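In full-length UniProt numbering, the protein residues as written are 1 to 271.
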């Protein structure tokens, strides 16, 4: 009787592990198909209501604990960094001298997109505080992300640049425009480096964060190229204005002057 009970428990445990793995694989596949973690929301579709799916990771306890530590470091860095981007964008849009259509489009896009990414990071932070769930054989599982927060929060991304912004690609650029572009370029480069560092880490196994980082790297690299093009229009050259990376919102806790985050003159790699 004891042998049969043990066998049933082992089989039940195996089915549980398999179910969790399938759930995680399905969520990952859906997100890969959408291409944007938790962001898709189409208000015109009647069937586009909230459908929250938790992502899970299964590993040994030691691996899980190392992964949690890596996730905590990442969230503790990227969350205030994103908040700084929101502050920088709001300050720019409130400036009466901020007139460049392309950069104003960019600032609005950043406000919408990075505010939602903060929502995703906050959800990951909540899950990091949950206790590990024991499985058989010394394995544990933990939640690592939530898919479907886009529809639940009614997140609507703002496209950028808009057609009007593109038509005004060569519009005049003021000192306020240049200062914002240089500051945000430094800010973006630091975020890209942070995302790349996490994804390359041996303990970073949170696929929800890894996919989010792929999106951050792609999107912010494209925006850096856009800002470089705008800054090239400034009379006298972009280097005429100095930006101190340490005074950029969200950058105070980071290293400056190396790794692509921005040189001492606040203008990494742009000539």
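A virtual CB, placed ideally from N, CA and C, is assigned to each residue, including glycine.
From a predicted model like this one, the values you see are computed outputs, not experimental measurements.
Residue burial annotation: residue 131 is exposed, with fewer than 16 other C-beta atoms found within 10 angstroms of its C-beta. Here residue 251 is actually not in contact with residue 191; their C-beta atoms are around 10 Å apart, not less than 8 Å. The beta carbon of residue 66 is closer than 6 Å to those of 203 in its chain, skipping five residues each way along the sequence. Nearest Cα to residue 195 within the set 102, 94 and 121: 121. Around the beta carbon of residue 137, fewer than 16 other beta carbons lie within 10 angstroms, which makes this residue exposed. Burial is judged here by how many other beta carbons sit within 10 angstroms of a residue's own beta carbon; residue 200 has fewer than 16 and is exposed.
Taking the C-beta atoms as reference points, residue 86 is found no nearer than 8 Å to residue 51.
Inclusion of residue 181 and residue 231 in the CB contact set at 8 Å is warranted, their separation being smaller than that value.
In the structure shown, residue 196 falls within a helical segment according to DSSP collapsed to helix, strand and coil. When secondary structure is reduced to three states using DSSP, residue 150 falls in the helix class.
A distance below 8 Å between beta-carbons, with the five flanking residues on each side excluded, links residue 123 to the following residues of its chain, in chain order: 145, 146 and 149.
One thing to note: residue 109 has its Cβ no nearer than 8 Å to the Cβ of residue 173. For the pair residue 68 and residue 128, the CB atoms are nearer than the 8 Å cut-off. An exposed status is given to residue 126, since fewer than 16 other beta-carbon atoms sit within 10 Å of its beta-carbon. Straight-line spacing of the CA atoms in residue 61 and residue 220 works out to 35 Å. By the neighbour-count criterion, in which 16 or more other beta carbons inside 10 Å mark a residue as buried, residue 84 falls on the buried side.
According to the DSSP assignment, residue 174 belongs to no alpha helix (DSSP H), since it is labelled neither H nor E. In the three-state reduction of the DSSP assignment, residue 201 falls in the coil class. Linking residue 78 to residue 102 through their CA atoms gives a straight-line distance of about 25 Å. Around the beta carbon of residue 223, a 10 Å sphere encloses 16 or more other beta carbons of the protein chains shown; the residue is thus reported as buried.
Only residues of its own chain outside the window of five on either side were considered, and among them 58, 59, 60, 61, 64, 132, 133 and 134 have a CB closer than 8 Å to the CB of residue 140, listed in chain order.
Taking a C-beta distance under 8 Å as the contact criterion, residue 248 and residue 88 qualify as a contact pair. Secondary structure note for residue 53: its beta strand (DSSP E) is the uninterrupted segment 53-60. In the structure shown, residue 134 falls within a strand segment according to DSSP collapsed to helix, strand and coil. With a cutoff of 8 Å on beta-carbon distance, residue 211 and residue 198 are scored as not near each other. Secondary structure note for residue 123: its alpha helix (DSSP H) is the uninterrupted segment 101-128.
The C-alpha of residue 142 is placed about 51 Å away from the C-alpha of residue 240. C-alpha of residue 188 to C-alpha of residue 245: approximately 12 Å in a straight line. Only residues of its own chain outside the window of five on either side were considered, and among them 170 and 173 have a CB closer than 7 Å to the CB of residue 233, listed in chain order.
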